[in-house]
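Residue numbers (this note's numbering), protein chains in the order written: chain A, 1 to 329; chain B, 330 to 658.
We put the beta carbon where it would ideally sit given N, CA and C, even for glycine.
Note that the structure is a prediction, hence the values are computed from the model and not measured.
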DNA sequence: CTGAAAGCGCTTACAG
DNA sequence: CTGAAAGCGCTTACAG
């Protein structure tokens, strides 16, 4: 640590070439003479040379780092979703020598980080409708990709799961399991996910010719799920329930049980997310799984692409969800 | 983004001073004349100047970033513990202008990141006994802090919770709740946490004059908890159980229930960690809580300190755990 | 207290 | 294909 690292200069001297040539070898420029290249490569390995990133960044104007922006409350960090995003992103950027920096959603900080060239672009997860950050970033023409369809349409790159298709998966499953009186606890209906999941569920039940399901609005929280379940208890006929998030389902399940509904015998329940609560709750939850790691990897790819070619048109990708069947249905 | 950011040079020209003076103002050097300082500050705010970090890093030889090293399997990332660490670290380093970089535990990458001066130091969480990384880092004299006492004693900075005291908290609580026949499902006994929690538990029960508890070794996994609980079923007298991790407890609880043990009526259970499974399982778990956020903040502080003063002796900090009482006891 | 100047370690036109 | 040279945007002794 105290010993100064080897520089390009020294490698060049040892190899008997110019710094430019060493630089070309390090950066894989094809036009270097084979023999020279080998001499340089040997010098690099004997010295253990590794390029100083700050020096490179200074001239290339690239930080070699992207940011993962967390919502300011910091609540999300506790969410297993967050970890899945990280494990999806890391394998795609590491081979590119790009770092992943965690940062809070403070607007100034994010914009500053990019302006200081400490970050080449950012991935935004869990943005709310009121969040001005996405718009600010695209207006500043800074590379950004969202982890979900934006609340209001805008020209921004995003990756999402087909929410409606996921809800339809849940409906189809409940119906094919014999349920005839469906109900759903929705997400907040001002969010795209809340809307799309409800729509997908309603369309699928209609497609099967079943009567209109009972709809109770939730808020994606455990408490919200419990409250909604309480309401649902009033309707004794319900035999199939789609809860638009696993977290709400963990709130709903104990209420349903205390209300005398046996799951899955008398009432089948399907969640959404396949988050860790789905595995831990009792009974373990049948749920709609988003391919979060794959989605995150795609976000990373799109962002890197955008950093390299800021002029390219924005493009978005939608993934197909799958159903994970456990004991609640 | 296309428009080039403002540089020191331009601010200096506008303020009518040298670059050196602007640099001094930006870095808060006290010796700058009041009036000059104000002129410079005005120039900074009108231009919206913000320093280029790569340029600064190049001369200061500081990356202005620390790494949070994840175990290679990537499993840990799904763990809520990880998120708590992040939310503890971020608030202490952001005001210092230091970035938090996520990286996998690949040895070469970590060492390279530090040698390339992309990282000033690292926080290691979830290291195993066989992991050579901690030793490699201290031998290379690179700033590092561990999230727990190292398996083998070495001269390294770490932060830990008083594991034995936490286990004693559990024992005291079970005993004061009327339990007389105690048992414990331990962690893997080759880990410091496994050892210390067992020792603390045994010492506390002995202190109360109770007979030696039943001890079944676990492995900190859900499945391990289930398996150990199965063994425990053989002993009908047990009325108080300390499970050395919440995750194991979530595996144990269903087994105990199916074995006819009612929790908490016939058998009181206490976990360790206060992780999210503790809240989600049925019944919600009384558990020993580690002040993870505080511990993480301290890790960040110690690391930053170490980066600034590599010559200082290593120092470690041990935090006191607390008991969170829920329905399982 | 302030400025001129050197230098941090790279990359990249530009000649040749 | 290769090298000499300029330059990226800062900080920091060193004079004054």
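- According to DSSP, residue pairing for residue 430(B) in a beta bridge involves 101(A) and 396(B).
- The C-beta distance from residue 491(B) to residue 647(B) rounds to 5 angstroms, short enough to meet the 8 angstroms contact threshold.
- Check the Cα spacing between residue 264(A) and each of 125(A), 253(A) and 273(A): the tightest is with 253(A).
- At a cut-off of 8 angstroms between beta carbons, residue 250(A) contacts chain B.
- Nearest to residue 298(A) by C-alpha distance, out of 90(A), 135(A), 179(A) and 188(A), is 90(A).
- Counted as a single uninterrupted DSSP element, the beta strand (DSSP E) harbouring residue 601(B) occupies residues 597–602.
- Per the coordinates, the alpha-carbon of residue 500(B) lies some 56 angstroms from the alpha-carbon of residue 6(A).
- With a threshold of 16 other beta carbon atoms within 10 Å, residue 412(B) meets it and is buried.
- Bridge pairing for residue 514(B): 545(B) and 572(B) [DSSP].
- Listed along chain A, no residue sits closer than 7 angstroms to residue 465(B) by beta-carbon distance, the nearest being about 13 angstroms off.
- Boundaries cannot be given for residue 423(B), as no beta strand (DSSP E) includes it and DSSP labels it neither H nor E.
- For residue 383(B), a Cβ of chain A is located within less than 8 angstroms of the residue's own Cβ.
- Residues of chain A with a Cβ closer than 8 angstroms to the Cβ of residue 430(B) are, in chain order, 65, 99, 100, 101 and 102.
- At a cut-off of 8 angstroms between C-beta atoms, residue 265(A) does not count as an interface residue with respect to chain B.
- In the three-state reduction of the DSSP assignment, residue 491(B) falls in the coil class, being assigned neither a helical nor a strand state.
- Taking the Cβ atoms as the reference, residue 102(A) lies roughly 5 angstroms from residue 429(B), within the contact range of under 8 angstroms.
- One alpha carbon belongs to residue 86(A), the other to residue 121(A), and they sit about 16 angstroms apart.
- The C-beta distance from residue 515(B) to residue 547(B) rounds to 6 angstroms, short enough to fall under 8 angstroms.
- Within the same chain, 582 come within 8 angstroms of residue 611(B) by CB-CB distance, once the 5 residues on both sides are set aside.
- Nearest in C-alpha terms to residue 323(A), of all of 56(A), 230(A), 291(A) and 139(A), is 291(A).
- Neighbours of residue 656(B) across chain A, judged by C-beta separation under 9 angstroms, do not exist; the nearest C-beta is about 11 angstroms away.
- Taken atom to atom, the span from the alpha-carbon of residue 45(A) to that of residue 221(A) is near 55 angstroms.
- In the DSSP assignment, the residues bridged to residue 450(B) are 395(B).
- According to DSSP, residue 503(B) shares a beta bridge with no other residue.
- Counting C-beta pairs with one atom in each stretch, the stretch 462–471 of chain B and the stretch 432–439 of chain B have three or more that are closer than 8 angstroms, which means they touch.
- Of the candidates 477(B), 510(B) and 520(B), 510(B) places its Cα closest to the Cα of residue 544(B).
- Secondary structure of residue 646(B) (DSSP, three-state): strand.
- Within 10 angstroms of the beta-carbon of residue 266(A) lie fewer than 16 other beta-carbons, which makes it exposed.
- With 16 or more neighbouring CB atoms inside 10 Å of its own CB, residue 227(A) falls in the buried class.
- The beta carbon of residue 296(A) is closer than 6 angstroms to those of 85, 88 and 89 in its chain, skipping five residues each way along the sequence.
- Measuring C-alpha to C-alpha distances from residue 608(B) to each of 576(B), 365(B) and 533(B) identifies 576(B) as the nearest.
- Shortest Cα-Cα distance from residue 345(B) to any of 362(B), 369(B), 359(B) and 360(B) involves 369(B).
- Shown here for residue 193(A): same chain residues with a beta carbon closer than 6 angstroms to its own, the five before and five after excluded, namely 163 and 187 in chain order.
- Closest in C-alpha terms to residue 658(B), from the list 623(B), 630(B) and 505(B), comes 505(B).
- Judged by beta-carbon spacing, residue 57(A) lies beyond the 8 angstroms limit of residue 629(B), meaning their Cβ atoms are not closer than that value.
- Taking residue 126(A) as reference, the option from 70(A), 52(A) and 309(A) with the minimal CA-CA separation is 70(A).
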